[in-house]
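Numbering (full-length UniProt numbering), first residue to last: 1 to 96. Glycine included, every Cβ here is placed at the ideal spot set by N, Cα and C. A short write-up of the structure that comes next.
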C-alpha cells in the first residue's frame, strides 16, 4: 500500500537479537497471570528466597499503575523506588 501524499514511508528496521548489548547477568522473565491476581503474584515473587536480595524492575504502561504499585509494595514492606513521568525531574534523578 503506497503512503498517502505528504506522509513519510513506513520505516522498517530489522534488529539482530544475537547482537544486542544485554549484560550476561541480566535475566528477563515473563509470567502470565490472571489480571485479578497480578499484585499477589508480584508480592509472592518478591518474597521468594531466591529473589529477596535481588533488584527487580517492574515496567508499567501507566503512571497511575506505577503509583499504585509503589504505595502497595511500600505497605507490604518492600523497598521501592519509582520512576515515572509525573515525578519532577529532580526526584527522578535522585531515585536513580
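Beta-carbon gap between residue i and residue j smaller than 8 angstroms
{"i": "residue 46", "j": "residue 78", "result": "yes"}
{"i": "residue 58", "j": "residue 69", "result": "yes"}
{"i": "residue 84", "j": "residue 66", "result": "yes"}
{"i": "residue 80", "j": "residue 87", "result": "no"}
{"i": "residue 41", "j": "residue 33", "result": "yes"}
Neighbourhood of residue i by C-beta, 6 angstroms cutoff - its chain only, sequence neighbours within 5 removed
{"i": "residue 55", "result": "none"}
{"i": "residue 3", "result": "9"}
Helix, strand or coil at residue i according to DSSP, with G and I counted as helix
{"i": "residue 66", "result": "helix"}
{"i": "residue 79", "result": "coil"}
{"i": "residue 47", "result": "helix"}
{"i": "residue 37", "result": "helix"}
{"i": "residue 74", "result": "helix"}
{"i": "residue 26", "result": "coil"}
{"i": "residue 42", "result": "helix"}
Extent of the continuous alpha helix (DSSP H) to which residue i belongs
{"i": "residue 92", "result": "89-95"}
Cut-off 7 angstroms between Cβ atoms - residues of its own chain near residue i, not counting five sequence neighbours on either side
{"i": "residue 51", "result": "45"}
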